[in-house]
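In UniProt numbering, the protein residues as written are 1 to 453. The beta carbon of each residue, even a glycine, is placed where N, CA and C say it ideally should be. Everything numeric in this text was worked out from a predicted model, so none of it was measured. These notes concern the structure reproduced below.
The structure is reproduced here in structure tokens:
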């Protein structure tokens, strides 16, 4: 290894490619390589990453950095990411002095994050250009009655392949780093995390989409500022509401309803991913949304609910393996119901419009099905039973007909926000962070910062 590092910048191009590929392979495997040795690669690899324009070299360097940024000790001790159980949730604020955070810190010190983010932007641009060219070829082929995919030039295919090969390790690196401490996560966010994460969320390859949701779930599990950036597309609505320019609000809501303008972006995409598509991607999107709900203000929970959060969580109740996803969905739904009741000064388990919505979506039937499933643990069945008995008791005295004094189910929570009291002391619009940590003791719910699966 020392010989390769000493001559890395002296090798001819073909030999340098083989050298970097070799270094990349030295960073992986079990047992984990000795950090004191492999960490010597960080500086020269970063220097080469800044200098080279050889995509093969760049891609192998990125994979090397992704391997070095993994929490290998925790991975070997606890297994893959999805093996995390609800009995032992991973803490959201990792100790600054753990082995993993020290390794992450060494990578941050090289300045690699900024380069990774720039490469993500570059890769996305290459991909967009390639797809634009492919679209033109397909249109032309349709006019001529020929098959376009057979006539796509090799150069365009290569550009698209390079784009995919760059994006995958870049998303992995960002995901590994934001699973560190809140301070380390903040550095990545400040470097432009939210500017590029949608590249992964929107990607056509499911594994890239999955890892982007995983990375995002660890960011929203961080500080209030990091979470608020997740909702940044709704900031325009909030600022106008605070200024009381209601005429403008009605215009914005109308335009949004007619697809003329997008007020909600990233979180809406994550909700949509959670509701449909590949089941493994849906699980990671679910973790992201549940982490967001746990620390969201009542206003932000309303935005998520309007975007389809309740429907997405109810759909996840069908997924019984791994069981921690099932528990996550139940706890996220309970969190919303309790938040609604506490905001309107009702008992935590009072039947409310959100509970009515869950029932209408078949959520109660799914919760009862969980209790009858032999493969589900006793603790999970008990949680489902508690959920049902709390909000849908068998006593007929609590029913939809007897909640006339409660707020009706709203088609759009933005419209609901317009009708709230203007009193600054009573309206949540004047509270920066109405956080929902008070419910943690009730449901044993905790944010999950999850290592790579």
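ask   = Hey, how far is the Cα of residue 391 from the Cα of residue 325?
value = Position 391 of the chain shown, counting from 1, holds the residue named residue 391. Position 325 of the chain shown, counting from 1, holds the residue named residue 325. Rounded to whole angstroms, residue 391 to residue 325 spans 21 Å at the Cα level.
query = In the structure shown, what three-state DSSP assignment does residue 418 receive?
reply = Along the chain shown, one-based indexing puts residue 418 at 418. Any reading at residue 418 needs caution, since the residue's pLDDT is 37, under 50, leaving its predicted position unreliable; the model's value is listed next. Under the three-state reduction of DSSP, residue 418 is assigned to helix.
query = What are the start and end residues of the alpha helix (DSSP H) that includes residue 319?
reply = What you label residue 319 is simply residue 319 of the chain shown in a count that begins at 1. That residue, residue 319, is in no alpha helix (DSSP H); it is neither H nor E in DSSP.
request  = State the start and end residues of the unbroken alpha helix (DSSP H) segment that holds residue 184.
outcome  = Along the chain shown, one-based indexing puts residue 184 at 184. Here the alpha helix (DSSP H) through residue 184 covers 182-191.
query = Nearest-angstrom Cα distance between residue 178 and residue 389?
reply = Walking along the chain shown from the start, residue 178 turns up at place 178. Walking along the chain shown from the start, residue 389 turns up at place 389. Rounded to the nearest angstrom, the two C-alpha atoms are 38 Å apart.
Close beta carbons around residue 220, own chain, < 8 Å, minus the five adjacent residues each side = By one-based count along the chain shown, residue 220 stands at place 220. If we look at residue 220 and ignore the five residues flanking it on each side, its Cβ neighbours are 226, 227, 230, 288, 291, 292, 295.
request  = Taking only the alpha-carbon atoms, compute the straight-line gap between residue 320 and residue 41 and give it to the nearest angstrom.
outcome  = Taking the chain shown and counting its residues from 1, one reaches residue 320 at position 320. Taking the chain shown and counting its residues from 1, one reaches residue 41 at position 41. One C-alpha to the other measures close to 43 Å.
query = From what residue to what residue does the alpha helix (DSSP H) around residue 231 run?
reply = Translated into the one-based positions of the chain shown, residue 231 becomes position 231. That residue, residue 231, is in no alpha helix (DSSP H); it is neither H nor E in DSSP.
ask   = Should residue 57 be labelled buried (16 or more other beta-carbon atoms within 10 Å of its own) or exposed?
value = As a working mapping, residue 57 is identified with position 57 in the chain shown. That one is buried.
inquiry  = Alpha carbons only, please: which of 54, 71, 385 is nearest the one belonging to residue 98?
reply    = Walking along the chain shown from the start, residue 98 turns up at place 98. Minimum Cα distance to residue 98 is reached at 71.
query = When DSSP labels each residue in this structure, what does residue 36 get in the three-state scheme?
reply = On the chain shown, position 36 is the one that residue 36 refers to. The answer is helix: DSSP assigns residue 36 an H, G or I state.
key: Inter-residue Cα distance where the pair is residue 16 and residue 45   = Reading the chain shown from its first residue, position 16 is the one you call residue 16. Reading the chain shown from its first residue, position 45 is the one you call residue 45. Cα to Cα, residue 16 sits roughly 11 Å from residue 45.
key: Sequence-distant residues of its chain with Cβ nearer than 6 Å to residue 168 (five each side left out)   = If you number the chain shown from 1, residue 168 lands on position 168. Here the set comprises 208.
message = Nearest by alpha-carbon distance to residue 153: which of 138, 142, 166, 144 is it?
response = Working through the chain shown from its first residue, we reach residue 153 at position 153. Taking each of 138, 142, 166, 144 in turn and checking the Cα distance to residue 153, the smallest one comes out for 138.
key: Nearest candidate by alpha-carbon position, reference residue 457, set 8, 162, 273   = Residue coverage of the chain in this structure runs from 1 to 453, which leaves residue 457 outside it and unanswerable.
query = When the Cα of residue 51 is compared with those of 60, 36, 9, which residue comes out closest?
reply = Numbered from 1 along the chain shown, position 51 holds the residue referred to as residue 51. Nearest option by C-alpha distance: 9.
ask   = With 16 as the cutoff for other CB atoms within 10 Å, does residue 303 come out buried or exposed?
value = Looking up residue 303 in the chain shown gives position 303. Per the 10 Å Cβ criterion, buried.
request  = Would you mind giving the Cβ-Cβ distance between residue 200 and residue 212, rounded to the nearest angstrom? I have them listed as a contact below 8 Å.
outcome  = For the purposes of this step, residue 200 is identified with residue 200 of the chain shown, where counting begins at 1. For the purposes of this step, residue 212 is identified with residue 212 of the chain shown, where counting begins at 1. Confirmed, about 3 Å.
key: Coil, strand or helix - residue 61 by DSSP   = The residue labelled residue 61 in the question sits at position 61 within the chain shown. DSSP places residue 61 within a helical segment (H, G or I) once states are collapsed to three.
key: Own chain, CB closer than 6 Å to residue 68, minus 5 neighbours either side, in chain order   = Here the question's residue 68 lines up with position 68 in the chain shown. Here the set comprises 27.
ask   = Thinking C-beta only, is residue 307 closer than 8 Å to residue 281?
value = Your numbering for residue 281 matches position 281 in the chain shown. Your numbering for residue 307 matches position 307 in the chain shown. For residue 281 and residue 307, no; Cβs fall outside 8 Å.
key: Limits of the alpha helix (DSSP H) - the one that residue 178 falls within   = Reading the chain shown from its first residue, position 178 is the one you call residue 178. From DSSP, the alpha helix (DSSP H) with residue 178 extends over 154-178.
key: Given residue 123 as reference, the closest of 382, 318, 197 once Cα atoms are compared   = Here residue 123 refers to the residue found at position 123 of the chain shown. Nearest C-alpha to residue 123: 197.
inquiry  = residue 173 and residue 39 - do their beta-carbons sit closer together than 8 Å?
reply    = Numbered from 1 along the chain shown, position 39 holds the residue referred to as residue 39. Numbered from 1 along the chain shown, position 173 holds the residue referred to as residue 173. No, the Cβ-Cβ distance between residue 39 and residue 173 is not below 8 Å.
ask   = Less than 8 Å separating the beta-carbons of residue 384 and residue 367?
value = For the purposes of this step, residue 384 is taken as residue 384 along the chain shown, with counting starting at 1. For the purposes of this step, residue 367 is taken as residue 367 along the chain shown, with counting starting at 1. Closer than 8 Å, so yes.
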